[in-house]
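K.L.:
The following block contains the structure, expressed as structure tokens.
Residue numbers (mature numbering (1 follows the signal peptide of the UniProt record, and there is no 0)): -22 to -1, 1 to 126.
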């Protein structure tokens, strides 16, 4: 009987610890909801793709940021070790962010980094830029300036 009580108490303590976990849950939204949030002006778009991807086309909203979560190298993709520091240099933890990438995978990782760092208002844009384009939402393309 004593063993049963210890097992029950251990289980209850485990459930209590899990329920008190302060780790926020990642919320993924579709591109239409992202478009509405960005259009309302309260949220800012954070594109975590490479600069090259961003320049080829990105979500067209004023104040859109491009801070790569990963870089392409000769050895493959490598995580940006300064990602959080770079975000914090342009945003504060109270900012409202919609985070997107090419297909919605890197943005999951980037969003989790932000949430774990204490950002409170972060949405992951499911499907990424590809879903944005497929739904005919506004895009912008950057063209490099040529100096003669």
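Beta carbons are placed, not taken as given, at the ideal position from N, Cα and C, and that holds for glycine.
Check whether the Cβ of residue 76 sits closer than 6 Å to any heavy atom of the ligand SAH, and report yes or no.
P.N.:
Here there are no bound small molecules, and the ligand SAH is not part of this structure.
K.L.:
For residue 55, name the three-state secondary structure that DSSP assigns.
P.N.:
Annotated three-state conformation of residue 55 is strand, per DSSP.
K.L.:
Can you name the start and end residues of the beta strand (DSSP E) that residue 102 belongs to?
P.N.:
99 to 103
K.L.:
Roughly how many angstroms lie between the CA atoms of residue 114 and residue 70, to the nearest whole one?
P.N.:
31 Å
K.L.:
Is the beta carbon of residue 81 closer than 7 Å to that of residue 106?
P.N.:
yes
K.L.:
Sorted by chain position, which residues of the same chain lie with C-beta nearer than 7 Å to residue 31's C-beta, five sequence neighbours on each side aside?
P.N.:
Leaving aside the five residues that flank residue 31 on each side, the residues in its chain whose CB is nearer than 7 Å to its CB run, in chain order, 80.
K.L.:
Runs of 4 residues minimum, wholly inside the region 53 to 93: which ones carry the alpha helix (DSSP H) assignment?
P.N.:
61 to 68
K.L.:
Short of 7 Å in beta carbon distance, which residues of its chain neighbour residue 42, apart from the five on each side in sequence? Order them along the chain.
P.N.:
23, 25, 36
K.L.:
Suppose contacts are defined by Cβ-Cβ distances below 7 Å. Is residue 76 in contact with residue 45 by that definition?
P.N.:
no
K.L.:
Within 10 Å of its beta-carbon, does residue 56 have 16 or more other beta-carbons around it, so buried, or fewer, so exposed?
P.N.:
Counting every other CB atom within 10 Å of its CB across the protein chains shown gives residue 56 a total below 16, marking it as exposed.
K.L.:
Specify the secondary structure class of residue 118 as computed by DSSP and reduced to three states.
P.N.:
strand
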